[in-house]
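Remember, the numbering used here sits 15 above the position in the sequence shown when you count from 1.
Ideal placement from N, C-alpha and C gives every residue a C-beta, glycine not left out.
Since this is a predicted model, take the numbers as computed values, not measurements.
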Amino acid sequence: MADFNDQQLQVIVSKSPRIMCLAGAGAGKTRTLLGRITHLIETGVDPTSILALTFTNAAAFEMKERYKRLGVDLSRGVPEFRTFHSFCYSLIIKDKSVREKLGYTQIPQVCDDDEFKEIKTRIKLQLNSKLTEEQMEGKNLYTRAQQDQYALFKKALIKELKTQNVITFDIMCYNVCELFERDLDEVKKYKDKYKYLFVDEYQDCDARQNKFVVSFPESTNVALFADALQNIYQFRDCTNKYVKEFAESPAWEVIKLYENYRSTTNICDFANKFSKSYSSDKYRIEMHGQRPGQDPKIIWGSHATMTEPVDTYHLSLLVDMIKQNPGECAVLCRSNREVAAVRRALADNEIQFSTKSKSTDNLSILESALSNEYAFGWLASKLEAKDYGDYIRLSALADKPDLHWFLDNYGNREVIRKITEKISCIRTIATSDFTQREKFDMITKELRVKTKCKFNGDDNISNRDLINDIKNQVQSLEECDVYCGTIHSVKGLEYDTVYVMGVDDRFFRLDSEEMYNLYYVAVTRPKEHLVVFRR
């Protein structure tokens, strides 16, 4: 416990049945969440009575792997680490009573967006409906006639889905969560089973997911982790209003993690000043940086015409700054329209940039070369939504599915095929007759990091130690890529330097909580330097 600060320890050892942990950017939120789970298990809690939910497959997989690396006794079982969607689908798959309550006699398959759109269009034509795309989602129903049309459309849509024995992740999550909200007999056994409920990134939940959480009895220990100011998915109906409500409720113990281990004190102070201007201290976190640095820069625009996606004066300054200060950085924009303009400017000035946000694929590839079990879980988390739904269904029905089973079913998917080719290549190199130095050079070349890694061992080290040495070096590499993308694409990530473009432009006006939160997420990504370009 010595590695945790006082606030983190308060979360870990708290006896409160309801905890609302408000965690600032770079505060070690997930580490604290896992610390509490580990502490509970060490004090006698059954691991299988713990359910930990999050919102992406990658986050659920990473949480589970980090837990397994903590040195806990896995023979007693492992907590359930899942997304809301995969948890709901798992109940439909393994529990006939839940399935039948939703109107399915067989396990439904998850349809993808294109299939769902085709079904909706067909139903709309059959009904001769005048509903718009948004109205078919239940939005913008201004008149009684529109509401009646939507009710008729939704009834026909659900009937068709059941006839075809398909379902969408969103409908599935909505319907299963409703069973919990209504406290029906079919789900009471799960409320009895899970005595401890954790939810990460709670600011990203929707109304139905919140009702799912609060439906658990008072005897259930609930711990929620969130930052209300990082709610940037309102367009998906995600809301931070429940975080705000719980932060002001005496029924919840509110614990704030304000020690920021990412950014300099100067950047933290800049973000704090901004967040104070639009949010309540009840749920706002006043971040404390751990080291001094340079003050963030605000560069105002040329006040020229706003017909261009990005101020041309700003673009020229950005290009000069990146050339003069090479190293890891991210150029962040409000929308893809501005991203395209920035990428054109970078390309025109022969500045190499990445179109993919920071990832740990090389580390995961190396770990997968060492462990089939890790490879199985990680590759599954890389599947597209429809394939992932299919994977949940088939793996639940299979007899002890493993990596070979997974590759038999999904090895031909392009993203899986490309990754497994790298894993296979590294395994082949590691078991070859080359010297360890030669293997080191070949593996780092395959990962395209040869010029950044140095062989420090000798030819007597084991293949596992060799790959672990490469992992350690890859993990400590300072990326030289310039990333250019939307603010949404980098949530949860960090960069040495961050340039925020087009603030107060017509597409990024700081005039609503959604825009405030988006700006706040952007300015809390940098570790060392922050530059904001404003109109």
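Quiz item: Start and end of the alpha helix (DSSP H) containing residue 35?
Solution: No alpha helix (DSSP H) holds residue 35; the beta strand (DSSP E) holding it covers 33 to 38.
Self-check item: Integer Cβ distance of residue 548 from residue 314, believed to fall under 8 Å
Solution: 5 Å
Exercise. Assign residue 77 to one of two classes, buried (16 or more other C-beta atoms within 10 Å of its C-beta) or exposed (fewer than that).
Key: buried
Practice problem: Could you please give the first and the last residue of the uninterrupted alpha helix (DSSP H) stretch that includes residue 200? | Solution: 200 to 208
Quiz item: residue 197: which of 180, 220, 224 sits nearest, CA to CA?
Solution: 224
Quiz item: What does residue 551 pair with, by DSSP beta-bridge criteria?
Solution: As displayed, the chain neither begins before 16 nor continues past 550, which places residue 551 out of reach and without an answer.
Quiz prompt | Segment contact, 8 Å Cβ cut-off, at least three pairs: the segment 87 to 105 with the segment 65 to 73 | solution = yes
Quiz prompt | Cα-Cα separation between residue 446 and residue 194, rounded to whole angstroms | solution = 52 Å
Quiz item: Just reading off the beta strand (DSSP E) that residue 85 is part of, what are its end residues?
Solution: If you look at residue 85, you'll find it isn't in any beta strand (DSSP E); DSSP assigns it neither H nor E.
Practice problem: Tell me, to the nearest whole angstrom, how far the beta carbon of residue 499 is from that of residue 357; I am working on the premise that it is less than 8 Å. | Solution: Right, the Cβ-Cβ distance comes to about 5 Å (below 8 Å), so this counts as a contact.
Practice problem: Measure the alpha-carbon distance for residue 354 versus residue 371 and round it to whole angstroms. | Solution: Cα to Cα, the separation comes out at about 12 Å.
Quiz item: Quick one: Cα of residue 51 to Cα of residue 483, how far?
Solution: 28 Å
Quiz item: Roughly how many angstroms lie between the CA atoms of residue 538 and residue 325, to the nearest whole one?
Solution: 19 Å
Practice problem: Let me know the secondary structure DSSP gives residue 430 once reduced to three states. | Solution: helix
Quiz item: Where do the ends of the alpha helix (DSSP H) carrying residue 298 lie?
Solution: Segment: none, residue 298 is in no alpha helix (DSSP H) and carries neither H nor E.
Quiz item: What did DSSP end up calling residue 235 once you bin it into helix, strand or coil?
Solution: coil
Exercise. Give me the Cα-Cα distance between residue 147 and residue 159, rounded to the nearest whole angstrom.
Key: Residue 147 and residue 159: Cα-Cα distance of roughly 15 Å.
Practice problem: Measure the CB-CB distance between residue 278 and residue 38 and report whether it falls below 9 Å. | Solution: no
Quiz item: What's the call for residue 229, buried or exposed, on a 16-neighbour Cβ count within 10 Å?
Solution: exposed
Quiz item: Tell me which same chain residues have a C-beta within less than 6 Å of the C-beta of residue 66, skipping the five on either side of it?
Solution: 95, 209, 212
Self-check item: Distance between beta carbons of residue 427 and residue 409, contact taken as under 8 Å
Solution: Not quite, the Cβ-Cβ distance comes to about 15 Å (not below 8 Å), so this is no contact.
Quiz item: Going by DSSP, what residues sit across from residue 267 in a beta bridge?
Solution: Answer is none; residue 267 lacks a bridge partner.
Exercise. Determine, using beta carbons only, whether residue 202 and residue 344 come nearer to each other than 9 Å.
Key: Their beta carbons are not under 9 Å apart, which means residue 202 does not touch residue 344 by this criterion.
Exercise. Return the chain-ordered list of same chain residues with a C-beta closer than 6 Å to the C-beta of residue 130, the five sequence neighbours on each side being excluded.
Key: none
Practice problem: Return the chain-ordered ranges of every alpha helix (DSSP H) run that is complete within the segment 40 to 64 and spans a minimum of 4 residues. | Solution: 44 to 57
Exercise. Check the C-beta distance from residue 449 over to residue 417 and give it rounded, since I have them as a contact under 8 Å.
Key: At roughly 29 Å, the Cβ-Cβ gap does not stay under 8 Å, so residue 449 and residue 417 are not in contact.
Quiz item: How many whole angstroms separate the CB atoms of residue 282 and residue 532, which I take to be in contact at a CB cut-off of 8 Å?
Solution: With 8 Å as the limit, residue 282 and residue 532 do not qualify as a contact, their Cβ atoms being about 17 Å apart.
Quiz item: For residue 125 versus residue 403, is the C-beta spacing smaller than 9 Å?
Solution: yes
Self-check item: Alpha-carbon spacing of residue 61 relative to residue 207, whole angstroms
Solution: Those two C-alpha atoms are separated by around 13 Å.
Quiz item: How many Å lie between residue 397 and residue 317 at the Cα?
Solution: Each residue's Cα considered, the two are about 43 Å apart.
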